[in-house]
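Visitor: Under this note's numbering, read the sequence shown as residues 15 to 83, first letter to last.
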Amino acid sequence: MKVVRSALSVVAYDNAIYAIAGKNDTSSLASVEVYYEDTNEWEFAAYLTSARSYLGTAVVPISPSMLNA
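(1) For the beta strand (DSSP E) that residue 23 lies in, which residues bound it at each end?
(2) My output table needs one value for residue 69: the three-state DSSP class, helix, strand or coil.
(3) In angstroms with no decimal places, state the Cα-to-Cα distance between residue 33 and residue 53.
(4) Starting from the Cα of residue 71, find the closest Cα among 42, 22, 15 and 45 and give me that residue.
(5) Determine the direct distance from the alpha carbon of residue 39 to that of residue 16, and round the result to whole angstroms.
(6) Pull the bridge partners of residue 85 from the DSSP assignment, please.
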């Protein structure tokens, strides 16, 4: 990871691992990093609207037909 963090949430989706928020030595984080196994690299993906730590995440698959409803 590019940022050392604890108290983060981790989820695997679509051949990637997402490290979401958490905290460093001084404060909570809003950054999200993604790890791609095929390149063995971490990249910044997005930022949450506010910093968070000790959070939970889930992946809920949605079929394309549900998006058009």
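Glycine included, C-beta positions come from ideal geometry on N, C-alpha and C.
Guide: This is what the structure holds:
(1) Run containing residue 23: 23-27, per the beta strand (DSSP E) assignment.
(2) coil
(3) Their Cα atoms are separated by approximately 16 Å.
(4) 22
(5) 15 Å
(6) Summary: the structure shown does not reach residue 85, with the chain confined to residues 15 through 83, and so no result is reported for it.
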